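Using my numbering, the final residue of the sequence shown is 1814, and nothing's skipped along the way.
One structure is given below, encoded as structure tokens.
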Amino acid sequence: MLIEGTEYIEFELLGSVPREGGYVSLGFSEDQIKGNDGVIGCYYPAKYDDPVRFFVGYNARDPRTGEVTNKFIETLPEVTYVFLSSLKNFMITEGENLGGEYTMEGKLLCRFRRMVVPPEHVDKLKDLSTSQYYLIHTRGQKLTSSGFGEPLPGGEAFAPHPVVVSSLVYGSMTGAPGEGDSTAKAHGACMVLAWVFCSSVGIILARYYKDVWPNSGLFGQRVWFQLHRILQISCVFLTILGLILILIRLNGQYSQTSTWPNLMHPILGIIVIALTILNPLLALCRCHPAHERRPWFNWIHFIVGTLAYILAVPTMMIGLRLPAAGVLLASKDYPSAILLFFMIFHVICEMSLEIHGCIYHKRNTNQRREYEEAMDQYTAAIRVQSGPMHKPDEPNPSGRMFKYFVIGLHATVSAIVAVLLVIIIAVN
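Structure (structure tokens):
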């Protein structure tokens, strides 16, 4: 729209901010990396009788460290008093349904107009007439004296495609804030199911349940082994599926995330995926249980699997905080708290089983020795007798009822937490 010969664009921003004060802003970025972006927005100063205020600013990225600092436009070195006087018409915030308000529901709403072409000599404000920009919608904390505060958890969303802002008519950035991309959400759901349920239960079974169900089988193999194999294969499948989904979302490119700790998510994810694929390949090469090198395989298989699981936990925690997941509610980090609770629960289960194993170690060792002696007698007897003989049954381990309880409880809690996180990712 033209106002006194100058072209303006009208913007409307909406977001949830704390009652202690906060801001909503819209950034114009030439890439999908935060930094060197023009920013406009409004903030609520935490007092109901104070009006909503507006600001113009920019994000500066240090080329050496990659650190991003947020500044008001007044702090630019090239800005002079003469320029500031010409900047007063850069944003129109009053009249004709313009202005801002903070509602009782904690929503900050502001509507204003900004010049399409900024004043001369200040390109950081970004020319919106023809250039394409990625839009960045941010909800943040209180402003400081020199710039705007850090974004709230989950309060930052990047548009997936650049746009010419001046060509938008009633344009809307539907991904901001707190709403994630459906493909990214599917990626997160796959990883949660893979590592919270499949891998967690599979690890417990392989580590503590080899002597349980000694006289029962499942598809020709020991029960613990088949369950472990089914769960771990499912984990590998879901992990690879999650990788494919996120590659589709990123068009096969490496993540552009540059802020800490978000930048660690793709790095840790790549390591976890590599270890996840490596471990079943190692399992295919395992030697006979009686082979002299079997302990080497057992340790390598254990270390690779445990390392993948340990790294998967912080990877998921960081992923749940990414804007694309869209699961954070204002400043409350519920998903990470749920995941942290589960990891504490998992460690308690492992410690309980370790202590239980120590308590019953001597008794089970004696039972095993008696069984092996009976098997030796059975083997010697069938060599000299032609008639059928009863093969000794393997003894059930002492304290097995406690183990049944722990695996049942662990599997149930794992399933509940996994489903709960998937629902949060899907619908929040």
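Idealized CB from N, CA, C, for every residue including glycine.
As the structure is a computational prediction, the values presented were derived from the model and not from experiment.
Buried or exposed (CB count within 10 angstroms, at least 16 for buried), residue i
{"i": "Gly1647", "result": "Before going on, a small fix: residue 1647 reads as Pro here, not Gly. So Pro1647 ends up on the exposed side."}
{"i": "Ala1804", "result": "buried"}
{"i": "Phe1476", "result": "buried"}
{"i": "Gly1638", "result": "exposed"}
{"i": "Glu1740", "result": "exposed"}
{"i": "Val1403", "result": "buried"}
{"i": "Pro1675", "result": "exposed"}
{"i": "Asn1752", "result": "exposed"}
{"i": "Asp1423", "result": "buried"}
{"i": "Val1658", "result": "buried"}
{"i": "Ser1585", "result": "buried"}
{"i": "Gly1566", "result": "Residue placement at Gly1566 is poorly supported in this model, since its pLDDT is 47, which falls under 50; the coordinates still yield a value, given next. It counts as buried."}
{"i": "Ile1357", "result": "This structure cannot speak to residue 1357, because the chain is shown only from 1387 to 1814."}
{"i": "Tyr1542", "result": "The sequence given here places Glu at residue 1542; Tyr does not occur at that position. Glu1542 comes out buried."}
{"i": "Ala1660", "result": "exposed"}
{"i": "Pro1681", "result": "exposed"}
{"i": "Tyr1640", "result": "exposed"}
{"i": "Thr1798", "result": "exposed"}
{"i": "Phe1544", "result": "buried"}
{"i": "Met1650", "result": "exposed"}
{"i": "His1523", "result": "buried"}
{"i": "Tyr1444", "result": "buried"}
{"i": "His1796", "result": "buried"}
{"i": "Glu1406", "result": "exposed"}
{"i": "Ile1809", "result": "exposed"}
{"i": "Ile1389", "result": "exposed"}
{"i": "His1747", "result": "exposed"}
{"i": "Tyr1790", "result": "exposed"}
{"i": "Gly1391", "result": "exposed"}
{"i": "Asn1665", "result": "buried"}
{"i": "Thr1466", "result": "Bear in mind that a pLDDT of 38 at Thr1466, under 50, signals an unreliable position, so the model cannot answer this."}
{"i": "Lys1512", "result": "buried"}
{"i": "Thr1560", "result": "Residue confidence for Thr1560 is low, a pLDDT of 44 falling below 50, so the modelled location carries little weight; the figure read from the coordinates is stated next. Label assigned to Thr1560: exposed."}
{"i": "Lys1777", "result": "exposed"}
{"i": "Gly1794", "result": "exposed"}
{"i": "Cys1671", "result": "exposed"}
{"i": "Met1501", "result": "buried"}
Span of the beta strand (DSSP E) around residue i
{"i": "Gly1485", "result": "1485-1488"}
{"i": "Gly1401", "result": "1392-1402"}
{"i": "Cys1496", "result": "1493-1501"}
Start-to-end residues for the alpha helix (DSSP H) that takes in residue i
{"i": "Gly1421", "result": "Element bounds for Gly1421: n/a, residue is neither H nor E."}
{"i": "Lys1571", "result": "1568-1578"}
{"i": "Arg1786", "result": "1786-1813"}
{"i": "His1776", "result": "His1776 -> no alpha helix (DSSP H), and no H or E assigned at all."}
{"i": "His1674", "result": "Looking at the DSSP string, His1674 is not in any alpha helix (DSSP H), and its letter there is neither H nor E."}
{"i": "Pro1721", "result": "1720-1745"}
{"i": "Gly1628", "result": "1609-1635"}
{"i": "Val1587", "result": "1586-1594"}
DSSP bridge partner residues for residue i (one or two, in chain order)
{"i": "Ser1411", "result": "Gly1427, Thr1524"}
{"i": "Pro1537", "result": "Gly1526"}
{"i": "Phe1440", "result": "Cys1428"}
{"i": "Ala1543", "result": "His1523"}
{"i": "Met1477", "result": "Arg1500"}
{"i": "Ile1389", "result": "Thr1392"}
{"i": "Gln1518", "result": "Val1550"}
{"i": "Leu1604", "result": "Gln1607"}
Check your understanding: Curious, which full-length alpha helix (DSSP H) runs of at least 4 residues does the segment 1637-1672 contain?
Key -> 1650-1670
Check your understanding: Can at least three beta-carbon pairs, one atom from the segment 1411-1422 and one from the segment 1512-1529, be found at a separation below 8 Å?
Key -> yes
**Study point:** Sufficient close CB pairs (3 or more, under 8 Å) joining the segment 1782-1790 to the segment 1593-1602
**Key:** yes
Check your understanding: At a cut of 8 Å, does the segment 1722-1738 reach the segment 1757-1769 through at least three beta carbon pairs?
Key -> no
Check your understanding: With a cut-off of 8 Å, do at least 3 Cβ pairs link the segment 1489-1497 to the segment 1389-1406?
Key -> yes
Review point. Are the segment 1602-1613 and the segment 1571-1586 touching, with three or more C-beta to C-beta distances below 8 Å?
Key: no
Point to revise | Cβ pair count under 8 Å reaching 3, the segment 1672-1692 against the segment 1628-1635 | key: no
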